[in-house]
Ligand SMILES: [Zn+2]
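In our numbering, the protein residues as written are 74 to 213.
What follows is the structure, encoded as structure tokens:
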């Protein structure tokens, strides 16, 4: 894959609120927390529902088809270890039917000039190391 952040600079730090998300990504599944009290999605995972302040969630699987809400093309290595990987397209991808949940991830294997707001994307997976996987997207 082209356009990947080097594994050596990715350090996942799951906590009690995000661990189910990362456990699912390790199985190549995208899950989003949905409030058990009012059914509002809340992503990124948070301790309290933005709508009703409840804490309990169900983890709902999503197919990862979405559209680019915003993006930037990283062409300068602020982190020196990134230099060989550039350019990288970092995007905010909006997922339909989720109350506007947005996932930040790289768009891989593309010409950055083909990326635009509103472009349709599909989910793929980047296995950073055993049991650590992050979502990435591809233009469709
Ligand atoms: Zn709620």
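Virtual Cβ for every residue (Gly too), placed ideally from N, Cα, C. Given the structure is predicted, the values throughout are model-derived calculations rather than measurements.
State yes or no: is the C-beta of residue i nearer than 7 Å to some heavy atom of ligand 1?
i, result
"residue 174", "no"
"residue 192", "no"
Given a cut-off of 8 Å, decide if residue j and residue i are closer than it, judged by their beta-carbon atoms.
i, j, result
"residue 207", "residue 98", "yes"
"residue 84", "residue 141", "no"
"residue 81", "residue 154", "yes"
"residue 139", "residue 166", "yes"
"residue 212", "residue 183", "yes"
"residue 169", "residue 130", "no"
"residue 120", "residue 128", "yes"
"residue 179", "residue 163", "yes"
Whole angstroms are fine: how far does the CA of residue j sit from the CA of residue i?
i, j, result
"residue 210", "residue 156", "21 Å"
"residue 159", "residue 147", "7 Å"
"residue 132", "residue 171", "12 Å"
"residue 122", "residue 203", "32 Å"
"residue 109", "residue 102", "20 Å"
"residue 86", "residue 116", "16 Å"
"residue 124", "residue 91", "19 Å"
"residue 152", "residue 143", "22 Å"
"residue 114", "residue 177", "16 Å"
On the three-state DSSP scale, how would you describe residue i?
i, result
"residue 112", "coil"
"residue 216", "Outside the shown range of the chain, which is 74 to 213, sits residue 216, and nothing can be said about it."
"residue 150", "coil"
"residue 81", "helix"
"residue 92", "helix"
"residue 157", "helix"
"residue 184", "coil"
"residue 97", "helix"
Any heavy atom of ligand 1 nearer than 5 Å to the CB - residues listed = That gives 108, 110, 111, 113, 122, 124, 125 and 127.
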